[in-house]
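Notes to accompany the following structure.
Protein chains in written order, with our numbering: chain H, 3 to 269; chain V, 3 to 269; chain B, 3 to 269.
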């Protein structure tokens, strides 16, 4: 958060508002405590009980239960944030949780492959190791995983052609090979693979961008995501969810970008 | 560093200055070498002796000894930078060094919990593992760690009310749940916990932001930090210290932000 | 990529272009498949065969073979990106590949030491561990590694003097110790060490900056790199190569910076 200091002089009305907010928050906290189940690992409960309480009462007792984004989608968002951040230690838990929440094995492997392009090869290769162990323990067979070949989706061809021309124009002048890979491999091949829906590709791309603080690419992908069926409410919830998995500052930096994209689309 | 090429034509006076600087630097280096103790691990001395020399003579022989920031505070800054960067391999060493420098066990656990919000849950959970082993080896009992509940600090209530209204205004319109978590959990609960002073919460928040390159949130937190008692000299030293723990570019990007915050406060 | 939506209305001509692009891409893909050797680890082929195919056919079958950047330089770029990103799991493979491609052992250790300053001490220290094992297995003796002392290169002294004055001016006012370390240690000592050529120091610095998304320092270092002998074609290829090792968004964010530096130098 920045520039909060720009708000005018404090007044008594604020103190009253704060008191009210605190009262509501306190009632909510009590309610959460009742509802909370122990999700935090035993070691977190032992060493950092306050963090365990936030984990159980807020993150899993409240955030994950919010209906604005389905648990399956929250798992996709979380998995994307973990891969983008290189959080291998947390992948086992969240790959399992994702499978429990309805993410299919081949959606996990397709997400890893997709994010090789958006978070880099090393992040993806490290995720493969974690996925392998999870699949093995659950008895998931290789034929349930995304295959090398995939049906080729036909996207919005006019829009794609436009995009390809823009890439050639903007990228090609400086780095022609990168423009070629972008058009023929990234968008011409990867985004057309059927092992992940375009909507889910947008979901994990946006999540990875927010988690890694790459706001410059967000406007294009928020728009593409909404074209692919993600709603404003879902995207706001993605930002909120990622605040917990990549830290508040990443979410706060994504907010104004989302705000301006949303505003431009409702004109 | 950028735009250094914008300075005018070279002149002989510069060469003279440089010669003088080199002379002083060389004398300083000799002095450092005498004072330096071996801090770099044996393997670093063996494989990268130049890095070991920089570690012993500059980082520990000079930076850590500068009186502008106490060793205890340098440990807090370093620990925050390590957590923010996910440098688990270095945590054991620096948790131990921190404890030796007067950081209390419950300040380490409170810092981990605090940074869950600023660097994301996965970073915090990974730090818990490293802390557990350090505590166990030193015979630190669980009752010395930050408890789940904490005394509730009363902060500058008028300022907090303003901040809460600004959050509702700026965040609430796009992501109402995130605004609620920000006001009722992050600032309404975490920042009011007594297991870390507001000054130390600012210190570790600012350190994490600089280390992760999140300049957008820096103006708010530099101001909050100075309101909480951190001085301009201490904050400049935090930036200098973090140059070594997160790399020069992070420090260089934080400098102009600090400069403009400092300037605005001295008006 | 951003702002691609700003291009005008779609037209039939685009669809025709796309069809042509797809045809060419498909022919290229077939050609690549024939040429490709299995580089992806067995586990990647098993769990994520599509990622393995992209690895074998595109990354190693095409990118690494492009003559615009020598394999030895690609290894330097990759090693720098891995160190900057903290990808320790991939270092063993790429340290070995680098040595096979002609990178000398002391260039690896000098790169690690150099990047301590640009990516932070923890990243460098973690890389030392990976390097040690690789050197041991290959029977590389310690006397082949960069020594503590090094011959001192004389750089462009007038330019250096200018740079030093600019640092004193811009950094010194806020953080005098950081200005001193920058002039006497970073540029006065590290950059003058002879165990890495200035051209290679620029190459790994630029690679680390792009991989970590630190565009603010890029203009200075792209210019310095070109002064040190790197060409525009090589730098464009560095960006392209890093798209695969740090993700597309990092490359896309570096492109406009490179574009404006290139443009300013050709005036």
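Using N, Cα and C, we set each Cβ at its ideal position, and we do this for glycine too.
Span separating the alpha-carbon of residue i from that of residue j
i	j	result
residue 241(B)	residue 223(H)	21 Å
residue 192(B)	residue 112(B)	9 Å
residue 60(H)	residue 168(B)	49 Å
residue 163(H)	residue 201(H)	19 Å
residue 43(V)	residue 54(V)	8 Å
residue 161(V)	residue 229(V)	11 Å
residue 40(H)	residue 47(H)	9 Å
residue 218(B)	residue 255(B)	11 Å
residue 94(B)	residue 267(V)	50 Å
residue 8(B)	residue 239(H)	Note that residue 8(B) scores a pLDDT of 37, beneath 50, so its modelled location is shaky; the value from the coordinates is reported in the next line. The alpha-carbon atoms of residue 8(B) and residue 239(H) are separated by roughly 27 Å.
residue 81(H)	residue 188(H)	20 Å
residue 212(H)	residue 237(H)	11 Å
residue 127(V)	residue 98(B)	33 Å
residue 2(V)	residue 183(B)	Only positions 3 to 269 of chain V appear in the structure, and residue 2(V) is not among them; the question remains open.
residue 14(V)	residue 157(B)	Confidence at residue 14(V) is low in this model, with a pLDDT of 49, below 50, so its placement is unreliable and the value that follows should be read with caution. Distance between the alpha carbons of residue 14(V) and residue 157(B): 15 Å.
residue 152(B)	residue 134(B)	21 Å
residue 288(V)	residue 225(V)	An answer regarding residue 288(V) cannot be provided, because it is not within the stretch 3 to 269 covered by chain V.
residue 210(V)	residue 155(H)	43 Å
residue 1(H)	residue 203(H)	No information on residue 1(H) is available, as it lies outside the stretch 3 to 269 that chain H covers here.
residue 196(H)	residue 148(H)	9 Å
residue 49(B)	residue 74(H)	21 Å
residue 51(V)	residue 257(B)	36 Å
residue 263(V)	residue 231(B)	39 Å
residue 84(H)	residue 180(H)	26 Å
residue 216(H)	residue 105(V)	35 Å
residue 64(B)	residue 245(B)	14 Å
residue 171(V)	residue 265(H)	16 Å
residue 96(B)	residue 77(B)	7 Å
residue 79(V)	residue 86(V)	11 Å
residue 199(B)	residue 235(B)	19 Å
residue 243(V)	residue 72(H)	43 Å
residue 109(H)	residue 57(B)	19 Å
residue 176(V)	residue 261(H)	6 Å
residue 125(B)	residue 247(H)	22 Å
residue 140(H)	residue 103(H)	14 Å
residue 208(H)	residue 214(H)	10 Å
residue 165(V)	residue 159(V)	10 Å
residue 92(H)	residue 269(B)	51 Å
Rounded Cβ spacing between residue i and residue j (contact assumed at less than 8 Å)
i	j	result
residue 107(V)	residue 137(V)	6 Å
residue 220(V)	residue 259(V)	5 Å
residue 101(B)	residue 206(B)	Between residue 206(B) and residue 101(B) the Cβ distance is about 16 Å, and since that is not below 8 Å, they are no contact.
residue 45(V)	residue 145(B)	That pair is no contact at about 16 Å.
residue 114(H)	residue 129(H)	5 Å
For residue i, the residue or residues it bridges with in DSSP
i	result
residue 194(V)	The partner list for residue 194(V) (beta bridge, DSSP) is empty, contrary to what the question assumes.
residue 154(V)	195(V)
Residue i beta carbon near the ligand COA (any heavy atom closer than 8 Å)
i	result
residue 85(V)	Judged by which ligands are present, the structure shown has none, so any question about the ligand COA falls away.
TODO: Closer than 8 Å, Cβ to Cβ, to anything on chain B: give me those residues from the segment 34–62 of chain V, in chain order.
DONE: 43, 45, 46, 48, 49, 50, 51, 52, 53, 54, 55, 56, 57, 60 and 61
Task: Near-chain V residues of the segment 152–165 of chain H - C-beta to any C-beta below 8 Å - done: none
Task: Positions along the segment 246–262 of chain V whose CB lies within less than 7 Å of some CB in chain B - done: Close to chain B, meaning a Cβ-Cβ distance shorter than 7 Å, are the following residues of the segment 246–262 of chain V: 246, 247, 248, 249, 250, 251, 253, 254, 255, 257, 260 and 261.
- [ ] Below 8 Å between beta carbons is the criterion; list the residues of the segment 219–232 of chain V that meet it against any residue of chain B, in chain order.
- [x] none
Task: Contact list for the segment 84–98 of chain H against chain V, Cβ threshold 8 Å - done: 84, 87, 88, 89, 91 and 92
TODO: Inspect the CB distances between the segment 114–132 of chain B and the segment 235–255 of chain V and report whether three or more fall short of 8 Å.
DONE: yes
Open item on the list: Please identify, using Cβ separations under 7 Å, the residues of the segment 115–128 of chain V that lie next to chain H, in order along the chain.
Closed with: Those would be 115, 118, 119, 120, 121, 122, 123, 124, 126, 127 and 128, in chain order.
TODO: Compile a chain-ordered list of the residues in the segment 189–214 of chain B whose CB is closer than 7 Å to at least one CB of chain H.
DONE: none
Task: Residues in the segment 137–151 of chain H having any Cβ partner in chain B nearer than 9 Å - done: 137, 144, 147, 148, 149, 150 and 151
Task: Members of the segment 68–82 of chain V near chain B, C-beta cut-off 9 Å - done: 68 and 70
Task: Positions along the segment 163–184 of chain B whose CB lies within less than 9 Å of some CB in chain H - done: none
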